[in-house]
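Protein chains in written order, with our numbering: chain A, 150 to 374; chain B, -19 to 599.
In this text, a Cβ means the ideal position worked out from N, Cα and C, and glycines have one as well.
Heads up, the thing below is written out as structure tokens.
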Amino acid sequence: MCKIICKYNKTGYLKYISHLDVLRFIQRAVKRAGINAKYSEGFNPHMKTSFGFPLSLGTESIGEYFELELNENVDLELFVKKMNSVMPNEMHIIRADYSINSESLMKRSEYAEYLINIESTIDEDELNEYFNEMLTEGVIYNRQKKNKKNKLVTKEINTKEMIHFLKAEKSKDNKVKVMAVFKTQETGSMKVEELIKLIIEKGFAIDYYTIMKIDALDKEMKTIL
Amino acid sequence: MIDVKKLDRELLSVEKPARYVGCELNSVVKNKDIDIRFAFAFPDVYEVGMSHTGLHILYHLMNSMENVWCERVFAPWTDMEELMRKNNILLYGLESKDELTSFDFVGFTLQYEMSYTNVLNMLNLGGIPIKSKDRGNDIPLVIAGGPCVYNPEPLYEVIDLFTVGEAEELLPELLNLYNEEKKNGFDKLKFLERAARLEGIYVPRFYEEVYKDDGIIKERKVLNENAKEIIKKRIIKDLDKVYYPEKSILPYIDVVHDRVVLELFRGCTRGCRFCQAGMVYRPVREKETDTLVKQAESLVSSTGHDEISLTSLSSGDYSCLPDLTLKLLDMYENQKISISLPSLRLDSMTFDIIERLQEVRKSGLTFAPEAGTQRMRDVINKNLTEEQILGPVETAFNLGWSTVKLYFMIGLPGEIMEDVMGIKELAYKVKDKFFQRPKEDIKGNLKINASASCFVPKPFTPFQWVAQNTMDEFYDKAKTLQKEIKDKKVSFSYHEPKLSYLEAVFARGDRRLSKALIKAWETGCRFDGWYDKFDFNKWMNAFEETNTDPDFFALRQRELTEVLPWDFIDIGVKKEYLISEYEKALSFTTTPDCRLGCTNCGVNHNLIGGACPHVQNNM
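Now the structure itself:
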């Protein structure tokens, strides 16, 4: 019996697959790979897996995680090989290890690192100036969400409390790339889309952008795996 | 290729964007530099199309051919259609993201009549003219197959050629022929002429329908010397040898049926008189248990599904069912893979199998008595007595089931109000069975869901001549039942009569419906099988504007001597047999299951298949 932690990517068109669908897909991959997974007891037995924070739809990632309980110890290299032989290129296990940490994946993930590619000609200095404002004074915006009673409630959010690092750089092809590290909190972290919306509202013209989640980091800013 | 960046910019605004991106495990990507590119088009939304076994079979069959690349295309949901039209994105193959116009073939599968407007809409969204005559040599050929092709006439203006019957052998023949023609400089007419000589190919432009003053068909004229007068359906003789995929595409999103499907056999010997499938898929051809076990192994290991569904028209009739199910259970119980038997007549079922099946996961039970009284069940030749319904129900209750679904039809030929009320009575008898047991045995919360669909007479059935009930009659019957069934334990629901009416119009329609179909699509009809999208008034206006009388097709009782629009298709079953079955129905006479003795339907004389396998065994 053991627990394994896996880091995987979700890229290309798979960014359109929702978190719940990924969950099911990976459980099936475990089955296809013929891995002796542990199941819960009861009428509707399910595989014992746990996942990190859900990735927003439309965001690619090279730093996603899940944990899996097995009935027997396995050779890690063989495990990765077996899994990858039954997964598409756009979703592959990057690394796997035995998991000794008893804390949940969600609890361990304190920061999320993103790379945003903006395909528009905007001035990165002006953008960085605005970013600075977000980091120091803070920019306040409203987030609307439905509560349990299905009523819209508005919540005020200050970027200062949500963003750990934010920087824009000109890339070679005259595009702008933004590196961002958000704090992940139990009450929900900032979404990249919210950041983009703030940038646009500030007057920057963004026509097309892509988001890549680079990794989830622990409280010491180290990668989870 | 479509502008993928443009798509990417917009795609998050639609519901379930994963419907439109492909990339699933076991989907096939080939080099675009290939002889034949085929778009397998399912005229419904992704989740419905991906649940269809035929798609998986033909997709992998065609992709197993070295010079063919088959891709998939589904009907975009209305939000996606809007997005595509607004941004000038043409409908594309999921695998390559190439527009439909860059394919050699667009092949539709016609599973239900209510998908016809989606066929037109998909062509239009793909930048392809909807009428065959407007498509020249450089536009993809538009072909169609599937059960609706047993009456292809309402789509005669749209489809270049139809494949009639089972396509596993015919499609490769057709594609090879196309390849030959393409190499010699493709000419559409010449290709269609050569294709028309293949058994099972129907090219509608080579025929003309002539009508009498009263609107009834006078005759059909063959206009091209290459066209056959009678089109024989194709069948696969040996299901153990025919292609069956080792893999199936694994959708990321939840689809309607998300499971490994094993086809136990084709055809059905029961002879229910309302059932088109029971007639057109004859003769019965079973797969061997070993074949099925092998297919299960490869499909489970390539998909990781946790359910294996054993399908056929009547799975209890599979001669090795206990053997097969026990083998599969032994193989898969430890992996928590459950086995389901969706089309089971519980009269023929031994409950110890069901009980074992339920050890992995417990599900509800469904019974299909189809009619409420014995009289009606004799008319439709259901060959099921009340004891044969209530007996298994009682056994099921004793084994711990407490949720039961009951399927019925209303508007069957010769039905009177007493038969309609029989539905209520039978449902209540089922309830009584539950409570008439010793108190200590009564566990769980009983729930009986009775539902009634409105009978739609179909071509190639003994009821192909009968008038459908009017919508008023249907509403009257359904609402009476709704009023009468007042019980906390029994619920009743019914299928929308307007939908069934339109289905009946197209099921037995002819070429004159084409105009109305096109008009309905032009005025915005889409996804007519989806009740929330179905717009009956638009349809009625389309009929009116095109001077088409839908009642003529749905509500008219035909003479037995009349030329029917689908008479030129030979399904192997003789028309005389259908007539004699119809006459027996009128006198409440049943016909036994033909496994017990040949009932002379003609399929074992007429068809290339030769004698029915089960008849041979009995002799």
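Sequence-distant residues of the same chain with beta carbon closer than 8 Å to residue 231 of chain A, five excluded per side: Cβ within range, chain order: 182, 183 and 184.
Beta-carbon contacts of residue 417 of chain B that lie in its chain and below 8 Å, excluding the five residues immediately before and after: So the qualifying residues of the chain are 374, 377 and 378.
Buried or exposed (CB count within 10 angstroms, at least 16 for buried), residue 599 of chain B: Unreliable positioning characterises residue 599 of chain B in this predicted model, as indicated by a pLDDT of 42, which lies under 50. A coordinate reading is not provided.
Minimum C-alpha distance to residue 174 of chain B - residue among B/488, B/109 and B/207: For residue 174 of chain B, the nearest C-alpha among the options comes from B/207.
When B/346, B/276, B/-2 and B/472 are compared against residue 244 of chain B, the one with the closest alpha-carbon: When the alpha-carbon of residue 244 of chain B is set against those of B/346, B/276, B/-2 and B/472, the nearest one is in B/276.
Secondary structure, beta strand (DSSP E): runs of 3+ residues fully inside the region 447 to 526 of chain B: Counting only runs that start and end inside the region 447 to 526 of chain B, the beta strand (DSSP E) elements of at least 3 residues fall at 470 to 474.
Own chain partners of residue 336 of chain B with C-beta closer than 8 Å, once the 5 adjacent residues on each side are dropped: Contacts found: 305, 306 and 309.
Chain-ordered chain B contacts of residue 292 of chain A [CB-CB under 7 Å]: Chain-order list of chain B residues neighbouring residue 292 of chain A: empty, with the shortest C-beta distance near 18 Å, by a criterion of under 7 Å.
Per-residue contacts from residue 174 of chain A into chain B (C-beta, under 7 Å): In chain order: 232.
Chain-ordered neighbours of residue 239 of chain A on chain B, where CB pairs are closer than 9 Å: Close partners of residue 239 of chain A in chain B (Cβ separation under 9 Å): 3.
Buried or exposed by the 16-neighbour rule on C-beta atoms within 10 Å, applied to residue 226 of chain A: Within 10 angstroms of the beta-carbon of residue 226 of chain A lie fewer than 16 other beta-carbons, which makes it exposed.
DSSP-derived helix/strand/coil call for residue 415 of chain B: Collapsing the DSSP output to three states places residue 415 of chain B in a helix.
DSSP three-state assignment for residue 598 of chain B, whether helix, strand or coil: Only weak support is given to the placement of residue 598 of chain B: the predicted model assigns it a pLDDT of 47, under 50, and the value that follows is read from those uncertain coordinates. Residue state for residue 598 of chain B is assigned as helix, using DSSP reduced to three classes.
Alpha-carbon spacing of residue 120 of chain B relative to residue 80 of chain B, whole angstroms: One Cα belongs to residue 120 of chain B, the other to residue 80 of chain B, and the distance between them is close to 8 Å.
Cβ-Cβ distance between residue 85 of chain B and residue 122 of chain B below 9 Å: Their beta carbons are under 9 Å apart, which means residue 85 of chain B touches residue 122 of chain B by this criterion.
Contact with chain A by residue 276 of chain B, beta-carbon distance below 9 Å: Not one chain A Cβ lies under 9 Å of residue 276 of chain B.
Residue 53 of chain B (DSSP reduced to helix, strand or coil): Residue state for residue 53 of chain B is assigned as strand, using DSSP reduced to three classes.
Distance, residue 363 of chain A Cα to residue 218 of chain A Cα: Residue 218 of chain A and residue 363 of chain A: Cα-Cα distance of roughly 25 Å.
Contact set between residue 315 of chain B and chain A, taken where Cβ atoms lie within less than 8 Å: Neighbours of residue 315 of chain B on chain A, chain order: 180.
Residue 17 of chain B at chain A interface by Cβ criterion, 9 Å: Residue-level contact by beta carbon fails for residue 17 of chain B and chain A, as no gap is shorter than 9 Å.
CB contact check: residue -12 of chain B to chain A, cutoff 9 Å: With respect to chain A, the C-beta atom of residue -12 of chain B has a partner C-beta closer than 9 Å.
Proximity below 9 Å, CB of residue 7 of chain B to CB of residue 229 of chain B: Yes. Within cutoff.
CB contact flag (residue 282 of chain B, residue 227 of chain B, <9 Å): A contact, by the Cβ cut-off of 9 Å.
In DSSP terms, what residue 245 of chain A is bridged to: A/155, per the DSSP bridge assignment.
Residue of B/68, B/127, B/57 and B/103 minimising C-alpha distance to residue 90 of chain B: Looking at the Cα atoms, B/127 is the closest of the given residues.
Beta carbon proximity, residue 163 of chain A to chain B, threshold 9 Å: At a cut-off of 9 Å between C-beta atoms, residue 163 of chain A counts as an interface residue with respect to chain B.
Secondary structure, beta strand (DSSP E): runs of 3+ residues fully inside the region 205 to 260 of chain B: Fully enclosed beta strand (DSSP E) runs of 3 or longer: 240 to 243.
Cross-chain neighbours of residue 170 of chain A in chain B, by beta carbon under 8 Å: Annotation: Cβ neighbours of residue 170 of chain A in chain B (cutoff 8 Å, chain order): -2, 232, 233 and 234.
Simplified DSSP assignment, three categories, for residue 407 of chain B: In the displayed model, residue 407 of chain B falls within a helix according to three-state DSSP.
The region 203 to 236 of chain A: positions lying closer than 9 Å to chain B by Cβ: Contact annotation: in the region 203 to 236 of chain A, residues whose CB is within less than 9 Å of a CB in chain B are 206, 207, 235 and 236.
Amino acids of chain B, ordered along the chain, whose beta-carbon sits closer than 8 Å to that of residue 166 of chain A: Going along chain B in sequence order, the residues near residue 166 of chain A (Cβ under 8 Å) are -2, 232 and 233.
Residue 459 of chain B to residue 498 of chain B span [Cα, whole Å]: Between residue 459 of chain B and residue 498 of chain B, the C-alpha separation is close to 34 Å.
Contact with chain B by residue 198 of chain A, beta-carbon distance below 9 Å: Output row for residue 198 of chain A: interface = no.
Whole alpha helix (DSSP H) elements within the region 267 to 332 of chain A, 4-residue minimum: For secondary structure counted as the alpha helix (DSSP H) over 4 or more consecutive residues, the region 267 to 332 of chain A holds these complete runs in sequence order: 273 to 284 and 308 to 311.
Residues near residue 382 of chain B by beta carbon distance below 8 Å, same chain, minus five either side: Closer than 8 Å at the Cβ level, and outside the excluded window around residue 382 of chain B, lie 414, 423, 424, 425, 426 and 427.
Cβ contact check for the region 46 to 55 of chain B and the region 363 to 374 of chain A: 3 or more pairs under 8 Å: Too few Cβ pairs lie closer than 8 Å, so no.
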